[in-house]
Every structure is written in structure tokens, then in C-alpha cells.
């Protein structure tokens, strides 16, 4: 079963992904995030055809506590946040959480 990538965020954020071929997206303008972002994120988290959800890391602060907890603990779909505050360590932690192992862990015996 093939799963899709979904992008949630402002139209400016989702446009690049749409141009790259991502077909599943939820546009939430910046001035409507307080009211609508929870619903948009919940919609994609509950969609069985979505395997990866991409969000801007700054959008996490707009989510209610319950939805933010769902995002942080979701394994399928896995939620990947990108943006100004996400460094390599953040992505590393997200990958480790999603698959259960640290792919970048160097074996000390080598």
C-alpha cells in the first residue's frame, strides 16, 4: 500500500511542496492558524492514505495541547517539522522516534 505525503501550513509554505508534486495539503493562512490549524492537522493525522505529514516547526505553537501531543507521539503517519528552528539534531530525533532506532549512531567498535 502506497501512502502519500501531506503538507500542512500557510499557502506560502505548501506551495513549494505542491510544485514538487505533493498532492495532499491543507492550506491554513497565518491569520487563521489559531482557529483552523488544529482541524487541519487532525484531518491529515486521521487520513489512512497519509504516511508522512510535513509542517513548519513554528506552527506547533498554534496547536492545542491535545493535538500537539498527537503530533509528537504519532508514528503513523510520522510528522516531520522543518524550518528555522529545526537543525540536524531535531531531524535525527524525529527519525529515531519514527522508526525506533538511531540511523546516525556511529558504532564505537569501527
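In the numbering used here, the protein residues as written are 253 to 362. Every residue gets a Cβ at the ideal spot worked out from N, C-alpha and C, and that includes glycine.
Beta-carbon contacts of residue 265 that lie in its chain and below 6 Å, excluding the five residues immediately before and after: 308
Who are residue 258's beta bridge partners in DSSP? 276 and 305
Cα separation between residue 267 and residue 353? 32 Å
Taking residue 302 as the reference, which of 329, 314, 285 and 322 has the closest Cα? 329
Relative to the alpha-carbon of residue 292, which residue among 310, 335, 258 and 327 has its alpha-carbon at the smallest distance? 258
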